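Chains as they are written, first to last, in the working numbering: chain A, 1 to 389; chain B, 390 to 778.
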């Protein structure tokens, strides 16, 4: 086990009606004027946004709004938010939505007190040392941003989609999780969210660090829960218990508890970020394509962890590691397929992906050699993209 | 799944040399003068206390000492600590030790800013709404107090051993966890710690709340880790990797993650607290006796959860719930026995326990009906104590 530091100060309020704690939690943080960040129409149409704003009004919390955050959020909206926050002397942010909304709120939160350009943090030119407090009303269990210190933003100039990871500053102060808010998610979005949360675990599970049994076991437990509960939410979208299990799994998948004490990987995410930056696909759907491709490459180059996963999570009893890992991948693809997720570039709607471009951008953004589990160069990542054809 | 609020703000610094972060963490909290709380001789003899005090000196942190905390800590030491803290204008506490030391530090931390008697909190007459910050250097993985908001203190007058649980105020600000510090624990103490951490999970696992698959799976993962790693630390006390797995398991067992979304039980703990209050036995050893007795009673009255545990954690395939639960208990007893833990009052060194007295004190402290999983009255708890004869 490697040495580690772990701190998850986020206060989670989970259950029916959780969103109505927004004002009380903001008050407890001493915030009197906040920016409410949200996405497209669904939070408005469902009445959620109205309910939250009424809650703020009832407690006398002044608010300005920043709506219209798109999936795969980009830098112009962040800059707009930073400007408004500075002009209006905003003290904190409340994100009402999924990962794109939360990540935008976090980027604004980091940018407001910083004197340079907010992208400096994403470009690795500066470190976040201060941020406005962020609270969350979660509507999509997927990105895990409600409990993580991460934020993924795309710089439109050059389509650089980069994930910034902080240990502390970008973790939300509170996250309000009401599973009922996820009843109306379209099936494709529910399924993509499930692939995303599983990916967050796989990225931590494919680790070169030995003897981290406790973290493996916790990760396997969350994965088995997702695999068990996912068919229930697909079959009956208003199954509260299954939605609740999926929602909390999504948080645990990415708040760090599945990664303590070991080096992580993140290759599948890096490779998918290039796909969604260039082709604008849904992140989770892209991951459903890239994860089996990544694992297939690993089954032939470093099969140990894939075999362990296959035996522990998918009940594979093959004694040979490569055979076990491959059987696990078959089971994973079958599971993804059962949720209606794409398994190839073609099923993702990309007939002829420009693999050279994807590989070029990947290594431009992430360096010559990538991967925590197994070192990958241009020829390797190109091979992995081709496994997804 | 029940609604829940969950917040674990403790910053964990885990690994070799972790204790040398004490001064930096205290500084980061803005503390310039602290009380260092410790137990008997081992922290002194091993040189740990000296190393920590040197670390504080090097950073210019002024400190007073409160040593001599005994196992099953009592109120006089807490009162002494509160007096010293007030007189010396102490700003925070650093506990160097195991559960007894940490719990004493927490009780002092709650008592200093309170105008009444600190026992009011434990007696349920007042709620903690303020406390001095507490940091921890952990030497015994067992009580889980390094990550919990709990503190167990015994009031000498009447031998009332009571656990106070707070959601926030008594959670340590930071916990420094170096597995090397546990190499020199005597085997009996290592084993008792293992029983204690397993108990913290069982108390949350035996729950009447249905459909909390995610929390079950995480709890089972931590249990399976402990069962796998425990024989390694017994066989080779300086096995760093096994000690590290056990140490982090002990924290996860009790920081709340194994209890989210469900009603908890705590009967085995309540029943053991009466034994250790009256007979002064080691808490973990007492739990090794009470847990199988509790589970045996449940196998005959409410076998579902014990059967689930047996199947998931001990690989029992019995179709009948009672039979499965009983087979799981046999496996658990065999595991405890292999660690050299006692399984009966007699093996605990209590030839003729005064069961009437234990039952009387239990219900005096905890009410007429106890238990979150299954309601227990005097006749039931007496029967459970008798199952431990």
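For glycine and all other residues, C-beta sits at the position ideal for the given N, C-alpha and C. Since the structure is predicted, the reported quantities are computational estimates derived from the model, not experimental observations.
Separation of residue 443 (chain B) and residue 526 (chain B) (C-alpha to C-alpha, rounded to the nearest whole angstrom) is 14 angstroms. Residue 445 (chain B) and residue 698 (chain B) have their alpha carbons spaced roughly 45 angstroms apart. Cβ atoms of residue 487 (chain B) and residue 523 (chain B) stay farther apart than 8 angstroms, at about 14 angstroms. Listed in chain order, the non-local C-beta contacts of residue 191 (chain A) below 6 angstroms within the same chain comprise 339, 340, 341, local neighbours out to five positions each way being set aside.
Residue 217 (chain A) belongs to the set of residues whose beta carbon lies under 8 angstroms from a beta carbon in chain B.
Taking the Cβ atoms as the reference, residue 193 (chain A) lies roughly 3 angstroms from residue 142 (chain A), within the contact range of under 8 angstroms.
Residue 411 (chain B) places its beta carbon 8 angstroms or farther from that of residue 521 (chain B). In terms of beta-carbon proximity, residue 51 (chain A) stays away from the interface with chain B, with every pair separated by 8 angstroms or more.
The DSSP assignment places complete alpha helix (DSSP H) segments of no fewer than 4 residues inside the region 207-289 of chain A at 213-235, 240-252, 267-279, in order along the chain. At the C-beta level, residue 711 (chain B) and residue 692 (chain B) come within 8 angstroms of one another.
As DSSP reads the structure, residue 65 (chain A) sits in a beta bridge with A:36.
DSSP, read as helix, strand or coil, puts residue 134 (chain A) in strand.
The C-alpha of residue 494 (chain B) lies about 35 angstroms from the C-alpha of residue 702 (chain B).
Residue range 4-14 is occupied by the beta strand (DSSP E) that includes residue 14 (chain A).
With contacts defined as CB atoms closer than 8 angstroms, residue 762 (chain B) and residue 596 (chain B) qualify as a contacting pair. Under the criterion of beta carbons closer than 8 angstroms, residue 164 (chain A) and residue 150 (chain A) qualify as touching, at roughly 7 angstroms. Shown here for residue 296 (chain A): same chain residues with a beta carbon closer than 7 angstroms to its own, the five before and five after excluded, namely 329, 387 in chain order. The beta carbon of residue 420 (chain B) sits closer than 8 angstroms to those of 450, 480, 481, 522, all from its chain and outside the five residues before and after it, given in chain order. Residue 174 (chain A) sits in a strand when the DSSP states are folded into three classes. Annotation for residue 551 (chain B): the continuous beta strand (DSSP E) segment containing it runs 549-554. Listed along the chain, the chain A residues whose CB falls inside 7 angstroms of the CB of residue 392 (chain B) are 14, 15, 16. For the 8 angstroms CB-CB criterion, residue 574 (chain B) and residue 529 (chain B) form a contact. Rounded to the nearest angstrom, the gap between the Cα atoms of residue 367 (chain A) and residue 166 (chain A) is 20 angstroms.
Per the coordinates, the alpha-carbon of residue 567 (chain B) lies some 27 angstroms from the alpha-carbon of residue 658 (chain B). For residue 150 (chain A), the pairing in a beta bridge is given by DSSP as A:165. Taking a Cβ-Cβ threshold of 9 angstroms, none of the residues of chain B is close to residue 385 (chain A); the smallest such distance is about 33 angstroms. Contact between residue 247 (chain A) and residue 223 (chain A) is ruled out by a C-beta separation of about 16 angstroms, above the 8 angstroms threshold. Flagged as an interface residue toward chain B: residue 260 (chain A), by a C-beta distance shorter than 8 angstroms. With a cut-off of 8 angstroms on Cβ pairs, the region 511-518 of chain B is not in contact with the region 622-642 of chain B, counting fewer than three such pairs. For residue 435 (chain B) and residue 124 (chain A), the gap between their C-alpha atoms comes out near 43 angstroms. In the structure shown, residue 24 (chain A) falls within a helical segment according to DSSP collapsed to helix, strand and coil.
In this structure, residue 462 (chain B) lies near residue 492 (chain B), with their beta-carbon atoms less than 8 angstroms apart. Residue 13 (chain A) and residue 155 (chain A) do not touch by the CB rule: their CB atoms are close to 34 angstroms apart, not below 8 angstroms.
Proximity of residue 182 (chain A) to chain B, defined by a Cβ-Cβ separation below 8 angstroms, is not satisfied. For residue 454 (chain B), the closest alpha carbon among the candidates B:672, B:474, B:460, B:688 is that of B:474. Going by DSSP, residue 515 (chain B) is part of no beta strand (DSSP E) at all; its letter is neither H nor E.
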